[in-house]
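*Asks:* For my numbering, add 938 to where a residue sits in the sequence shown, where the first one is 1.
Pasting in a structure now, in structure tokens, and then I'll have a few things to ask.
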Amino acid sequence: MLKQKQYEFWFCVGSQDLYGEECLNHVAGHSQKIVEELNKSGILPYPVIWKPTLITNELIRKTFNEANLDDDCAGVITWMHTFSPAKSWILGLQEYRKPLLHLHTQFNEEIPYDSIDMDFMNENQSAHGDREYGHIVSRMRIERKVVVGHFADPIVIGKIASWMRTAVGIVESSHIRVMRIADNMRNVAVTEGDKVEAQIKFGWEIDAYPVNEITESVDAVSSSDVNALVDEYYDKYDILLEGRDPGEFRKHVAVQAQIELGFERFLEEKNYQAIVTHFGDLGGLKQLPGLAIQRLMEKGYGFGAEGDWKVAAMVRLMKVMTADLKNPKGTSMLEDYTYNLVKGKEGILQAHMLEVCPSIADGPVSIKCQPLSMGDREDPARLVFTSKEGTGVAVSLIDLGNRFRLIINDVNCKKVEKPMPKLPVATNFWTPEPDMYTGAEAWILAGGAHHTAFSYDLTADQMGDWANAMGIEAVYIDKDTKIRDLKRDLMLGEIFYR
939 MLKQKQYEFW FCVGSQDLYG EECLNHVAGH SQKIVEELNK SGILPYPVIW KPTLITNELI
999 RKTFNEANLD DDCAGVITWM HTFSPAKSWI LGLQEYRKPL LHLHTQFNEE IPYDSIDMDF
1059 MNENQSAHGD REYGHIVSRM RIERKVVVGH FADPIVIGKI ASWMRTAVGI VESSHIRVMR
1119 IADNMRNVAV TEGDKVEAQI KFGWEIDAYP VNEITESVDA VSSSDVNALV DEYYDKYDIL
1179 LEGRDPGEFR KHVAVQAQIE LGFERFLEEK NYQAIVTHFG DLGGLKQLPG LAIQRLMEKG
1239 YGFGAEGDWK VAAMVRLMKV MTADLKNPKG TSMLEDYTYN LVKGKEGILQ AHMLEVCPSI
1299 ADGPVSIKCQ PLSMGDREDP ARLVFTSKEG TGVAVSLIDL GNRFRLIIND VNCKKVEKPM
1359 PKLPVATNFW TPEPDMYTGA EAWILAGGAH HTAFSYDLTA DQMGDWANAM GIEAVYIDKD
1419 TKIRDLKRDL MLGEIFYR
């Protein structure tokens, strides 16, 4: 299982010394109280760390640079309790390199009508100070998240929590390393892309390895380790023999167990967090990795089929963003396969040849062993299931030649009307927002791929915030999408992001 780093976020309050030491003591006490309330809310996925009040250019600059250098710090939350002259923030903001949230709040929830005086007004003027600070951040063209409301409001805390997951995705993006086993599927356009530009833009390292180098790692796995993992499979999953000899079936399952162990050890040794395979280049592998890849995805690794490194990195990124989530519904690579166009029952059947993550499963998960026409290898074992109902987000990162675009589609997952007993793969069935026809047209107009990174646990806003932080275009397809407006937005994007 890939380990998740235990990040933290710094809380920095701004002020100045115009109103005396007593006022500054109140500012410090109030900001400490806010941090305490945020941390004890039980809503935030990561702790907030209080920092002393920032009132000078030197201290602001020092604090931001300390945040840059602290590996545990995934971002800074700023708030101006009083008026804070914004020119004092320029150097610190210029040198800051991590995610930034501007919490536009105030200590008091209600105006104290009976007692309010000028001392109170001077001390509690976030409505003033945050606008001064917000101006300079906008003038400096710095990307940040703005959250408005009282700090104790669960909705406000929920927005901070949501941003924290995006911020971790931003920071972790530069730690994603994708191992490419063989190359992209021949003559396929959308799985290609500029890997150098991806490293410049997102921090991803995408490296190629010969198939037989990882095959050596697979072959080195001991029989005892394979047998132990197969026993685990048989305890955890339903076994669907479907007329196959039990001994022969188990041998096919054992091949996937050996691949899982060999792949995972190779990935750990080389420090990679995502992997791509291609059925057209399997070298000495006895089967196309199926069950093995599904299990690796469930452990937190990213995956892309047919050499699709962009999807592999995005799946890993979304796994990181949902790490340690309470009761997660799951994240996986998926592929658009076929439509149901019956009026009132429209939807897209999502699947893949083998590799869908069981984290999105609803109900029993079974092992099947079925022939596969692609790959020219043994019949591969795979996990088969249907996915959960509920809302989710499907994203596609595409390379437009001179830039990247992230397409983000809200989708509604549901059960198919009837069982599909002859389909030996895991499936999801969804209807895109705003409806099947508009959603599909918008996806195609935007250039969306057939592979997607999908999650029940993330929102379009979170993925859009990640895209904004990376300086790339985000295209939203949701309940408000109209084709005429989308075409205009795409044209504007061509001008703005060129």
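Note that beta-carbon positions come from the ideal geometry of N, C-alpha and C, so glycine has one too.
As the structure is a prediction and not an experimental result, all values here were calculated from the model.
Use the C-beta contact count for TYR1394: other C-beta atoms within 10 angstroms, 16 or more gives buried, fewer gives exposed.
*Replies:* If you number the sequence shown from 1, residue 1394 lands on position 456. So TYR1394 counts as buried.
*Asks:* Can you determine whether any heavy atom of the ligand SAH sits closer than 8 Å to the C-beta of GLU1048, and answer yes or no?
*Replies:* The ligand SAH is not part of this structure, which contains no ligands at all.
*Asks:* Would you call the segment 946-954 and the segment 978-990 in contact, with 3 or more CB pairs under 8 Å?
*Replies:* Yes, since at least three Cβ pairs between the segment 946-954 and the segment 978-990 fall closer than 8 Å, the two stretches touch.
*Asks:* In angstroms, rounded to a whole number, what distance separates the CA positions of GLY1386 and VAL1349?
*Replies:* Here residue 1386 is taken as the residue at index 448 of the sequence shown, counted from 1. Here residue 1349 is taken as the residue at index 411 of the sequence shown, counted from 1. Roughly 14 Å between the two C-alpha positions.
*Asks:* Would you tell me roughly how many angstroms separate the C-alpha atoms of GLY1087 and PHE1045, rounded to the nearest one?
*Replies:* What you label residue 1087 is simply residue 149 of the sequence shown in a count that begins at 1. What you label residue 1045 is simply residue 107 of the sequence shown in a count that begins at 1. The alpha-carbon atoms of GLY1087 and PHE1045 are separated by roughly 10 Å.
*Asks:* Below 9 Å between beta carbons: does that hold for LEU1031 and PHE1002?
*Replies:* For the purposes of this step, residue 1031 is identified with residue 93 of the sequence shown, where counting begins at 1. For the purposes of this step, residue 1002 is identified with residue 64 of the sequence shown, where counting begins at 1. Cβ distance < 9 Å, so LEU1031 and PHE1002 count as in contact.
*Asks:* Considering just the uninterrupted stretch of the alpha helix (DSSP H) at ILE1095, what are its terminal residues?
*Replies:* Your numbering for residue 1095 matches position 157 in the sequence shown. Run containing ILE1095: 1092-1111, per the alpha helix (DSSP H) assignment.
*Asks:* Spell out a yes or no on whether the segment 1013-1024 and the segment 1298-1308 are touching, meaning 3 or more CB-CB pairs, one atom from each, closer than 8 Å.
*Replies:* Short answer: they don't touch.
*Asks:* Keeping to the same chain, check which residues put their C-beta closer than 8 Å to that of ASP1373; ignore five residues upstream and five downstream.
*Replies:* For the purposes of this step, residue 1373 is taken as the residue at position 435 of the sequence shown. GLU1284.
*Asks:* Assuming the contact rule is C-beta atoms closer than 8 Å, MET1056 and GLY952 should be a hit. Round their C-beta distance to whole Å, please.
*Replies:* As a working note, residue 1056 is residue 118 in the sequence shown. As a working note, residue 952 is residue 14 in the sequence shown. That belief does not hold up - the Cβ atoms of MET1056 and GLY952 are roughly 21 Å apart, past 8 Å.
*Asks:* Nearest by alpha-carbon distance to GLU1236: which of MET1256, THR1153 and GLY1245 is it?
*Replies:* Position 298 of the sequence shown, counted from the start, is the residue given in the question as residue 1236. Cα-wise, what sits closest to GLU1236 is MET1256.
*Asks:* In this structure, does DSSP put LEU1041 in helix, strand or coil?
*Replies:* For the purposes of this step, residue 1041 is taken as the residue at position 103 of the sequence shown. Looking at LEU1041 - three-state DSSP - the assignment turns out to be strand.
*Asks:* Compare the Cα-Cα distances from LYS1281 to each of VAL1413, VAL1106 and TYR1375 and report the closest residue.
*Replies:* For the purposes of this step, residue 1281 is identified with residue 343 of the sequence shown, where counting begins at 1. For LYS1281, the nearest C-alpha among the options comes from TYR1375.
*Asks:* Looking only at C-alpha atoms, which of ALA1065, ARG1115 and ILE1028 sits nearest to ARG1077?
*Replies:* Along the sequence shown, read from residue 1 onward, the residue named residue 1077 stands at position 139. Comparing Cα-Cα distances from ARG1077 to each of ALA1065, ARG1115 and ILE1028, the minimum goes to ILE1028.
*Asks:* Any idea what DSSP makes of GLY1438, helix, strand or coil?
*Replies:* Residue coverage of the chain in this structure runs from 939 to 1436, which leaves residue 1438 outside it and unanswerable.
*Asks:* With distances taken between CB atoms, is the gap from GLN954 to THR1016 smaller than 9 Å?
*Replies:* Within the sequence shown, residue 954 is the residue found at index 16, counting from 1. Within the sequence shown, residue 1016 is the residue found at index 78, counting from 1. It is not a contact, given that the beta carbons lie outside the stated cut-off.
*Asks:* Assess, as a yes-or-no matter, whether the segment 1326-1339 is touched by the segment 1395-1403 under the definition of 3 or more beta carbon pairs within less than 8 Å.
*Replies:* The segment 1395-1403 is in contact with the segment 1326-1339.
*Asks:* Which same chain residues, not among the five before or five after ASP1246, have their C-beta less than 7 Å away from its C-beta?
*Replies:* The sequence position of residue 1246 within the sequence shown is 308, counting from 1. Once the five neighbours on either side are set aside, the close Cβ partners of ASP1246 are THR1129, VAL1214 and HIS1389.
*Asks:* Quick one: any contact between the segment 1106-1125 and the segment 1363-1370, if contact means 3 or more CB pairs under 8 Å?
*Replies:* The segment 1106-1125 is not in contact with the segment 1363-1370.
*Asks:* How far does the alpha helix (DSSP H) with LEU1031 in it reach, from first residue to last?
*Replies:* Taking the sequence shown and counting its residues from 1, the one referred to as residue 1031 is at position 93. First-last of the alpha helix (DSSP H) with LEU1031: 1028-1033.
*Asks:* Distance check for GLU1135 and ALA1261, CA to CA, integer angstroms please.
*Replies:* By 1-based counting over the sequence shown, the position of residue 1261 is 323. By 1-based counting over the sequence shown, the position of residue 1135 is 197. ALA1261 and GLU1135: Cα-Cα distance of roughly 27 Å.
*Asks:* THR924 to GLU975, Cα distance in whole Å?
*Replies:* Nothing about residue 924 can be reported from this structure: the residues present for the chain run from 939 to 1436 only.
*Asks:* Excluding the 5 residues flanking GLY1222 on each side, which residues of the same chain have their C-beta closer than 6 Å to its C-beta?
*Replies:* The residue you call residue 1222 lines up with position 284 of the sequence shown. Answer for GLY1222: ASN1150 and THR1153, listed in chain order.
*Asks:* Grab the span of the alpha helix (DSSP H) containing LEU1335 for me, first residue to last.
*Replies:* Residue 1335 sits at position 397 when you count from the first residue of the sequence shown. Run containing LEU1335: none in the alpha helix (DSSP H); it sits in the beta strand (DSSP E), 1328-1337.
*Asks:* Can you tell me which of ILE1119, LYS1248 and ARG1082 puts its alpha carbon nearest to the alpha carbon of ASP1132?
*Replies:* For the purposes of this step, residue 1132 is taken as the residue at position 194 of the sequence shown. Here the closest residue by C-alpha is LYS1248.
*Asks:* Near PHE1204, which residues of its chain fall below 7 Å by C-beta distance, leaving aside the five closest residues on each side in sequence?
*Replies:* Residue mapping note: residue 1204 aligns to position 266 of the sequence shown, counting from 1. Closer than 7 Å at the Cβ level, and outside the excluded window around PHE1204, lie ILE1152 and SER1155.
*Asks:* Taking the runs of the beta strand (DSSP E) that are 3 residues or longer, which of them lie wholly in the segment 1142-1205?
*Replies:* Listed in chain order, the complete beta strand (DSSP E) runs (minimum 3 residues) inside the segment 1142-1205 are 1143-1147.
*Asks:* Would you mind reading off the limits of the alpha helix (DSSP H) that contains THR1001?
*Replies:* Residue mapping note: residue 1001 aligns to position 63 of the sequence shown, counting from 1. Here the alpha helix (DSSP H) through THR1001 covers 995-1007.
*Asks:* For MET1408, tell me which candidate among GLY1013, ILE1138 and ILE972 has the shortest Cα-Cα distance.
*Replies:* Counting from 1 along the sequence shown, the entry for residue 1408 is found at position 470. When only C-alpha atoms are compared, the closest one is ILE1138.
*Asks:* May I have the straight-line CA-CA distance separating ALA1405 from GLU960, to the nearest angstrom?
*Replies:* In the sequence shown, residue 1405 corresponds to position 467, counting from 1. In the sequence shown, residue 960 corresponds to position 22, counting from 1. Cα to Cα, the separation comes out at about 43 Å.
*Asks:* Given a cut-off of 9 Å on the beta-carbon distance, is the pair GLY1242 and ALA1230 in contact?
*Replies:* For the purposes of this step, residue 1242 is taken as residue 304 along the sequence shown, with counting starting at 1. For the purposes of this step, residue 1230 is taken as residue 292 along the sequence shown, with counting starting at 1. Contact: no.
*Asks:* Going by the CB atoms, is the gap between VAL965 and THR991 shorter than 9 Å?
*Replies:* On the sequence shown, residue 991 is found 53 positions in, with the first residue counted as 1. On the sequence shown, residue 965 is found 27 positions in, with the first residue counted as 1. Cβ distance < 9 Å, so THR991 and VAL965 count as in contact.
*Asks:* Following the continuous beta strand (DSSP E) through LEU1272, name the residue where it begins and the one where it ends.
*Replies:* The residue given as residue 1272 occupies position 334 in the sequence shown. Looking at the DSSP string, the run of the beta strand (DSSP E) that includes LEU1272 is 1269-1278.
*Asks:* From this set, PRO1309, GLY1339, LYS1224 and ILE1345, which residue's C-alpha is nearest LYS1360's C-alpha?
*Replies:* Sequence index remark: in the sequence shown, residue 1360 carries index 422 (1-based). Among PRO1309, GLY1339, LYS1224 and ILE1345, the Cα nearest to that of LYS1360 belongs to PRO1309.
*Asks:* When the distance is taken between beta carbons, is ILE1346 closer than 9 Å to HIS1216?
*Replies:* In the sequence shown, residue 1216 corresponds to position 278, counting from 1. In the sequence shown, residue 1346 corresponds to position 408, counting from 1. Taking 9 Å as the Cβ cut-off, HIS1216 and ILE1346 do not qualify as a contacting pair.
*Asks:* Assign PHE1089 to buried or exposed, taking buried as 16 or more other Cβ atoms, counted over all protein chains shown, within 10 Å of its Cβ.
*Replies:* Translated into positions along the sequence shown, residue 1089 becomes position 151. Answer is buried; the Cβ neighbour count reaches 16.
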